[in-house]
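Q:
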Amino acid sequence: MSALSAQLRRLSTPGNLSFRSASRTKTPSLLFSEEEAADLELETFYAHGVNGLEELVNINPVFQSYQDTLFGDASKSFERTQQTLESNKKLDEEIWRFLLDISPYILLKPAQKALEWLIHTFRIYAYNTDALVACALPYHNTAVFVRIVRVLPLKDPSSRWHWMRPAQQSESPLSRFTILQQCQSVPAFLQFVCSVVERAVG
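Sequential numbering of the sequence shown, starting at 181, is according to the numbering used here.
(1) Can you list, in chain order, the residues of its chain with a C-beta nearer than 6 Å to that of A218? Leave out the 5 residues immediately preceding and following it.
(2) In terms of alpha-carbon separation, which member of D310, L354, S257, E259 lies closest to V324?
(3) To the nearest whole angstrom, what separates the beta carbons of Q292 and L222, a pair I think is in contact under 8 Å?
(4) Can you list the alpha helix (DSSP H) stretches of 4 or more residues lying completely in the stretch 261-321, in chain order?
(5) Which of the three DSSP states is assigned to N240 in this structure?
(6) Decide if E296 is buried, meaning its Cβ has at least 16 other Cβ atoms within 10 Å, or exposed.
(7) I need the straight-line Cα distance from D248 to S255, nearest angstrom please.
(8) If I measure Cβ to Cβ from V326 and keep anything under 8 Å in the same chain, skipping five residues before and after, which residues do I get?
(9) Tell me the DSSP secondary structure of T249 in three-state form.
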């Protein structure tokens, strides 16, 4: 199943039609426990995200281009399920670009705060899983990677990332050996890694 087909299937799921209004006891989060995140207001996540982005801008001005898009006021009321296919496609491209830009800074707290906003409001863990993994994979042996893997939907055996499920369950980093083994046994994964490198330097 292609990434676009998988996204369309998720967008058409009845349970996704009113994400913000749904009553939840757990909320995927990079910075907080699922229970803590469920008790936080939207404005709290937004404040963290904007603060993180502002700090990133001070480090690298490239992040200024996201101030009015992914972190603009309009993002607080954004609903993927209410957007056209074209709008969601443009959003996905913007998120890919942002995640590639932020990857070198992912171990920094400002980057993690910015990611928290995208996880919460755009649900990048579900709709942009490939991009999020690509952003985090270089840090496979860190605690930040473990926290990112924690929010990914890996239960489905058909997922290209299901092989990371044991690491998710044990909350352990991925070893270099495991990644190399995956490259050798699954050509599609090696192709994915190469395509990300090409995209990053292109």
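Built from N, CA and C at the ideal position, the CB exists for glycine as well.
A: The answer reads as follows:
(1) What you label residue 218 is simply residue 38 of the sequence shown in a count that begins at 1. Same-chain partners within the cutoff: R204, T205, K206, T207.
(2) Along the sequence shown, read from residue 1 onward, the residue named residue 324 stands at position 144. With distances taken between Cα atoms, V324 lies closest to L354.
(3) Taking the sequence shown and counting its residues from 1, the one referred to as residue 292 is at position 112. Taking the sequence shown and counting its residues from 1, the one referred to as residue 222 is at position 42. Not confirmed; about 18 Å, so no contact.
(4) 265-282, 289-301, 304-307, 309-316
(5) Within the sequence shown, residue 240 is the residue found at index 60, counting from 1. Three-state result, N240: coil.
(6) Stepping through the sequence shown from its first residue, residue 296 is reached at position 116. Buried, by the Cβ-count rule.
(7) Within the sequence shown, numbered from 1, the residue matching residue 248 stands at position 68. Within the sequence shown, numbered from 1, the residue matching residue 255 stands at position 75. Distance between the alpha carbons of D248 and S255 is about 9 Å.
(8) If you number the sequence shown from 1, residue 326 lands on position 146. Contacts found: A347, E351, S352, P353.
(9) Sequence index remark: in the sequence shown, residue 249 carries index 69 (1-based). Three-state result, T249: coil.
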